[in-house]
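Report on the structure given below.
There are 2 protein chains.
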Amino acid sequence: MRKINLDKFKRIERETKEINIDPLQTGGKIPEFTKPSLITWLDGYSICDFCPGSLFDLKTPPVKLFVEEILPEFLGCDQTRITHGAREGKYAIMHAVTKPGDWIVVDANAHYSSIVAAERAKLNIKKTEKPAEPEYKINPEDYKKALEEIEDGTGNPAALALLTYPDGSYGNLPDAKKISEICKSKGVPLILNGAYSVGRMPLNMKELGADFIVGSGHKSMAASGPVGVLGTTEEYAEKLFRRSEYYPAKEVEMLGCTVRGMPAVSLMLSFPFVQERVKHWEKEVENARWFSEQMEKQEIAVQYGEKPHNHDLMFFMSEKLYQISKKHKKRGFFLYQGLKKRGISGIKPGLTKQFKLSTYGLEKEDLEKVINALLEIIEENNHFLNDQ
Amino acid sequence: MRKINLDKFKRIERETKEINIDPLQTGGKIPEFTKPSLITWLDGYSICDFCPGSLFDLKTPPVKLFVEEILPEFLGCDQTRITHGAREGKYAIMHAVTKPGDWIVVDANAHYSSIVAAERAKLNIKKTEKPAEPEYKINPEDYKKALEEIEDGTGNPAALALLTYPDGSYGNLPDAKKISEICKSKGVPLILNGAYSVGRMPLNMKELGADFIVGSGHKSMAASGPVGVLGTTEEYAEKLFRRSEYYPAKEVEMLGCTVRGMPAVSLMLSFPFVQERVKHWEKEVENARWFSEQMEKQEIAVQYGEKPHNHDLMFFMSEKLYQISKKHKKRGFFLYQGLKKRGISGIKPGLTKQFKLSTYGLEKEDLEKVINALLEIIEENNHFLNDQ
Numbered sequence: 010m011r012k013i014n015l016d017k018f019k020r021i022e023r024e025t026k027e028i029n030i031d032p033l034q035t036g037g038k039i040p041e042f043t044k045p046s047l048i049t050w051l052d053g054y055s056i057c058d059f060c061p062g063s064l065f066d067l068k069t070p071p072v073k074l075f076v077e078e079i080l081p082e083f084l085g086c087d088q089t090r091i092t093h094g095a096r097e098g099k100y101a102i103m104h105a106v107t108k109p110g111d112w113i114v115v116d117a118n119a120h121y122s123s124i125v126a127a128e129r130a131k132l133n134i135k136k137t138e139k140p141a142e143p144e145y146k147i148n149p150e151d152y153k154k155a156l157e158e159i160e161d162g163t164g165n166p167a168a169l170a171l172l173t174y175p176d177g178s179y180g181n182l183p184d185a186k187k188i189s190e191i192c193k194s195k196g197v198p199l200i201l202n203g204a205y206s207v208g209r210m211p212l213n214m215k216e217l218g219a220d221f222i223v224g225s226g227h228k229s230m231a232a233s234g235p236v237g238v239l240g241t242t243e244e245y246a247e248k249l250f251r252r253s254e255y256y257p258a259k260e261v262e263m264l265g266c267t268v269r270g271m272p273a274v275s276l277m278l279s280f281p282f283v284q285e286r287v288k289h290w291e292k293e294v295e296n297a298r299w300f301s302e303q304m305e306k307q308e309i310a311v312q313y314g315e316k317p318h319n320h321d322l323m324f325f326m327s328e329k330l331y332q333i334s335k336k337h338k339k340r341g342f343f344l345y346q347g348l349k350k351r352g353i354s355g356i357k358p359g360l361t362k363q364f365k366l367s368t369y370g371l372e373k374e375d376l377e378k379v380i381n382a383l384l385e386i387i388e389e390n391n392h393f394l395n396d397q
Numbered sequence: 010m011r012k013i014n015l016d017k018f019k020r021i022e023r024e025t026k027e028i029n030i031d032p033l034q035t036g037g038k039i040p041e042f043t044k045p046s047l048i049t050w051l052d053g054y055s056i057c058d059f060c061p062g063s064l065f066d067l068k069t070p071p072v073k074l075f076v077e078e079i080l081p082e083f084l085g086c087d088q089t090r091i092t093h094g095a096r097e098g099k100y101a102i103m104h105a106v107t108k109p110g111d112w113i114v115v116d117a118n119a120h121y122s123s124i125v126a127a128e129r130a131k132l133n134i135k136k137t138e139k140p141a142e143p144e145y146k147i148n149p150e151d152y153k154k155a156l157e158e159i160e161d162g163t164g165n166p167a168a169l170a171l172l173t174y175p176d177g178s179y180g181n182l183p184d185a186k187k188i189s190e191i192c193k194s195k196g197v198p199l200i201l202n203g204a205y206s207v208g209r210m211p212l213n214m215k216e217l218g219a220d221f222i223v224g225s226g227h228k229s230m231a232a233s234g235p236v237g238v239l240g241t242t243e244e245y246a247e248k249l250f251r252r253s254e255y256y257p258a259k260e261v262e263m264l265g266c267t268v269r270g271m272p273a274v275s276l277m278l279s280f281p282f283v284q285e286r287v288k289h290w291e292k293e294v295e296n297a298r299w300f301s302e303q304m305e306k307q308e309i310a311v312q313y314g315e316k317p318h319n320h321d322l323m324f325f326m327s328e329k330l331y332q333i334s335k336k337h338k339k340r341g342f343f344l345y346q347g348l349k350k351r352g353i354s355g356i357k358p359g360l361t362k363q364f365k366l367s368t369y370g371l372e373k374e375d376l377e378k379v380i381n382a383l384l385e386i387i388e389e390n391n392h393f394l395n396d397q
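Protein chains in written order, with our numbering: chain A, 10 to 397; chain B, 10 to 397.
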């Protein structure tokens, strides 16, 4: 065993840039005004000072009110819980309502965590048909086809379906209402993975016809993570939130209590801010579209995924940046470093040919800075392009 | 839907007392020096700025180093992971190494979360024989008997055994080494639930002969929760940390990444402090014994559980406080309120006849304050006792 100097553990600080366009980060930035309160909850089990037997019955802090009245209205469902995150919510649903060997249909753009959750629940996974370039759209017909193939192949309907709304690669928002109608007609309950929508944009589980919804506090609800939300209908609540045979206050799929710490408080503290910001979603879509237009008009990159785009998460392909990377001595890292120098982070180090980013919550002038930075970086490296 | 005023969500602050003797809280208090660093990690997915594909491969912050080198040495095991907490670790183990319908043997003093985790994993649960008053000791023979009953009844050995070390009711530390030998001789892997030991006292999974260990960051590792640790041997690592068939960087039981947020940083920041404090465990045991002696000598209450006691978590029975509660107009709450007035919290509101507390990390003079407060409260209410 080598001797490890632990001094580096005494001070581990995050370095942040002025502008962060990482899709993982834009919706999870916590409001400054919550910090003084949050600091009072940093100690381990702080939230459990007045434990009445279950996290979800806590009155101080007001988890019970939040989970029983505020979140259900916000999500458009009957019952909700706070979870460790979207993936933990998805797994809880899959584990509660299926049995090993059952089939689940997921969209071809599904996040890896949906697939891993299904693997953990020992499900057979059927993806909808590979979507076509360059929009990579998931169509309601794809669900019909996948569900029918399972029925034909196994003689039984799929146990579950899952729709990523929007997906984390292209930021596409499929027609959830039509997809839920198809699932309903086949008798298959639908999970809406709202990790990139709940807390960013208005949405309502029941209006979209889904049976379950999961959201991510750290991704899209301006909360300190890990934390998430889970919602369902009365119909499925009994199964999903079944109680322990031995400890009737404890729910089995929640392992009794889930987020027994500060992140649960952060979710609540940020909630009024989140509830307000979803009202301004149109502005966010406008900004995203403006950014996408600029990227194309200035010949920086081409946007893939739905067009015109309906979400702040966008996927770009840049032949120009890629060509530079092939000749630059820093290879693909010139882009990351060029942006960093200009106070911008969020595009993964090394990527140039294709990358995703998010314009969420950024002011127009910050978006202009990003565009200008990209233009400057290309200009600086123009000789690599002219060389060809 | 009633109209809810969200103003109360804009400022939710924790109120703390000078002295907190709640066993849930004493080991989870975070060191002051970690706070300035922690504050830089409050944003949602902060820890994922430099994601290399999995939380456990992160170099900034140094999760990889922590999980691959530092934690294994500290816990005495080959492989470790950061989890959402002890219960999530227990469930991951149970789910990974058993199948529904298998049997698990747990000590009769097991924490509810072990039972609920076993229910979630659809296991049959066999508890060791009810331990005898007033020490409530778990004996190695109890494991032998329970394991043999399962073998006789089903024709197969149990799939798993779990030992709570110490338990959360009496703070008893059973003979883990002997219990692990019995389990080994029967071919049954053993989980050590170290939620109240890892981070408080020195211990080593391999030396104790266990196959798995779980610990709690928020309960006993001075970390902001929820967060925990999980360790195992090379033998079981492959099964417990099996990779996704579709995403080879992602571990199925961890759902890819577990604590993707500030609590993981808190665990690391507090680690040097924790590593140092476990060296002073003898002092903690001395303080606990002194406190127990005072409680009995001053006729405040009688300590149940092992005697002399080997842990800071202790269970007391008080006939005197109970008699007062029967006549006091505040019923059992007089005790909680009397302590609160004196800057002491941690005994559950309403309890008098029996309660648990922890002396962990408290200075002798603080423990004296607690004893004196209890004496004063009894003195104030003496007329209720003389009335009889």
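The C-beta atom is built at its ideal place from N, Cα and C for all residues, glycine as well.
Chain-ordered chain A contacts of residue i [CB-CB under 7 Å]
i             : result
residue 3/B   : The requested residue 3/B is not part of the displayed model; chain B covers only 10 to 397.
residue 281/B : 15, 18, 19
residue 175/B : Those do not exist, as residue 175/B stays about 17 Å from chain A at its closest Cβ, beyond 7 Å.
residue 122/B : 264, 265
residue 228/B : 53, 54
Nonlocal neighbours in the same chain, by C-beta distance under 7 Å from residue i, ignoring five residues either side
i             : result
residue 85/A  : 213, 214, 215, 216
residue 169/B : 103, 106, 107, 113, 197, 198, 200
residue 51/B  : 271
residue 317/A : 298
residue 394/A : 329, 332, 333
residue 39/A  : 231, 232, 233, 275, 279
Endpoints, the beta strand (DSSP E) within which residue i is located
i             : result
residue 133/B : 133-136
residue 324/B : 322-326
residue 207/B : Looking at the DSSP string, residue 207/B is not in any beta strand (DSSP E), and its letter there is neither H nor E.
residue 221/B : 221-225
residue 238/B : 237-241
residue 112/B : 112-115
residue 55/B  : Where residue 55/B is concerned, there is no enclosing beta strand (DSSP E), given that its DSSP letter is neither H nor E.
residue 311/A : 311-313
residue 90/A  : 88-92
residue 366/A : 363-367
9 Å Cβ cut-off: residues of chain B touching residue i
i            : result
residue 50/A : 21, 22, 23, 233
Proximal residues to residue i (C-beta, below 6 Å), its chain only, five neighbours per side dropped
i             : result
residue 334/A : 340, 341, 361
residue 176/B : 118
Contact set between residue i and chain A, taken where Cβ atoms lie within less than 8 Å
i            : result
residue 44/B : 48, 51
residue 71/B : 17, 18, 21
residue 96/B : 264, 265
Cβ-Cβ distance between residue i and residue j below 7 Å
i             : j             : result
residue 267/A : residue 91/A  : yes
residue 64/B  : residue 72/B  : yes
residue 325/A : residue 300/A : no
residue 226/B : residue 240/B : no
residue 283/A : residue 208/A : yes
residue 435/B : residue 262/B : The requested residue 435/B does not occur in the structure, where chain B is confined to residues 10 to 397.
Closer than 7 Å at the beta carbon, the chain B residues around residue i
i             : result
residue 102/A : The premise fails here: residue 102/A is roughly 13 Å from chain B at the closest Cβ pair, so nothing lies under 7 Å.
residue 93/A  : 93
Contact set for residue i: own chain, Cβ-Cβ below 8 Å, skip 5 residues either direction
i             : result
residue 359/A : 340, 341, 342, 345
residue 380/B : 300, 303, 304, 307, 309
residue 146/A : 140, 181, 183, 315
residue 191/A : 149, 152, 153, 156
residue 264/B : none
residue 211/B : 287, 288, 290
Beta-carbon neighbours of residue i, restricted to chain A and to distances below 9 Å
i            : result
residue 39/B : 51, 52, 53
Continuous alpha helix (DSSP H) stretch holding residue i: start and end
i             : result
residue 125/A : 121-129
residue 64/A  : Element bounds for residue 64/A: n/a, residue is neither H nor E.
Closer than 9 Å between beta carbons: that is the criterion. Which residues of the stretch 17-28 of chain B meet it against chain A? 17, 18, 19, 20, 21, 22, 23, 24, 25
Quick one: which residues of the stretch 252-280 of chain A get their C-beta closer than 7 Å to a C-beta of chain B? List them in chain order. 253, 254, 255, 256, 259, 261, 262, 264, 265, 268, 269, 270, 271, 272, 274, 277, 278, 280
Pull out every residue of the stretch 325-350 of chain B whose Cβ sits closer than 8 Å to any Cβ of chain A, in chain order. Identification of residues in the stretch 325-350 of chain B having a C-beta nearer than 8 Å to some C-beta of chain A yields an empty set.
Against chain A: residues of the stretch 119-151 of chain B by CB proximity under 7 Å: Those would be 121, 122, 124, 125, 126, 128, 129, in chain order.
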